[in-house]
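Chemist: Each residue of the sequence shown is one higher than the last, beginning at 821 in the numbering used here.
One structure, pasted below without further comment.
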Amino acid sequence: MPEETITPYTFDESGSPSRPELSAEPVDKRPMIIGIIVAVVFLLIFIGLGWWLFTHPVSTAILRDIFIIFMGLGVFIIILLLIILIVITAYLVLKINDLIQLLDREIKPMLANLQTTLGTVKGTTSFISEQAVKPVISTASAFTAVNVAFKSLFRRK
Numbered sequence: 821m822p823e824e825t826i827t828p829y830t831f832d833e834s835g836s837p838s839r840p841e842l843s844a845e846p847v848d849k850r851p852m853i854i855g856i857i858v859a860v861v862f863l864l865i866f867i868g869l870g871w872w873l874f875t876h877p878v879s880t881a882i883l884r885d886i887f888i889i890f891m892g893l894g895v896f897i898i899i900l901l902l903i904i905l906i907v908i909t910a911y912l913v914l915k916i917n918d919l920i921q922l923l924d925r926e927i928k929p930m931l932a933n934l935q936t937t938l939g940t941v942k943g944t945t946s947f948i949s950e951q952a953v954k955p956v957i958s959t960a961s962a963f964t965a966v967n968v969a970f971k972s973l974f975r976r977k
């Protein structure tokens with residue numbers, strides 16, 4: 821029996837799918853066959869286990885009790901881990917709260933100092949502007965005005 825490969829559909833210009841062409845390269849069917857065999861083996865194991873448990877009620881009761889004990893241990897471990905997780909979360913929340921309070925205590929004085937410094941800088945800037953820059957600009961503009969007036973009056977033609 822010849823093996824064939826599967827190729828995806830392609831679309832022509834009209835948008836409708838065209839039929840895939842058969843390829844000469846064979847498809848490896850071993851993984852599919854192995855998967856089917858494994859599934860059948862597991863199914864047979866479960867059927868055999870069910871039949872054995874049905875025909876041996878004493879062993880079934882012992883296995884049931886062992887299973888219940890392991891389930892109880894699992895639930896106990898999960899509850900213990902959840903309690904540990906809650907304790908760690910509460911600890912981290914308290915630490916974050918302490919950090920926020922520390923930042924609040926440290927940053928508020930810094931902001932007050934910054935506002936004081938900005939007020940001082942603003943006052944210094946105003947003082948320098950009024951006392952040093954304004955007279956220099958006034959003198960320079962008066963000099964330029966006199967210079968332009970002399971140039972316009974004594975212009976050579």
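All C-beta atoms, glycine included, are put in the ideal place defined by N, C-alpha and C.
From the DSSP output, in three-state form, read off F866 for me.
Modeler: Three-state result, F866: helix.
Chemist: Within 7 Å (strictly less), CB to CB, does G870 reach chain B?
Modeler: Annotation note: the requested chain B is absent from the structure, which comprises a single protein chain.
Chemist: Helix, strand or coil for D848, going by three-state DSSP, please let me know.
Modeler: Coil, per DSSP.
Chemist: Please say whether L869 and T880 have beta carbons closer to each other than 7 Å?
Modeler: Contact flag unset, no.
Chemist: Hey, how far is the Cα of P851 from the Cα of F862?
Modeler: One C-alpha to the other measures close to 16 Å.
Chemist: Return the chain-ordered ranges of every alpha helix (DSSP H) run that is complete within the stretch 896-923 and spans a minimum of 4 residues.
Modeler: If we require 4 residues or more, the stretch 896-923 turns out to have no alpha helix (DSSP H) run fully inside it.
Chemist: Helix, strand or coil for S949 per DSSP?
Modeler: Reduced to three states, the DSSP call for S949 is helix.
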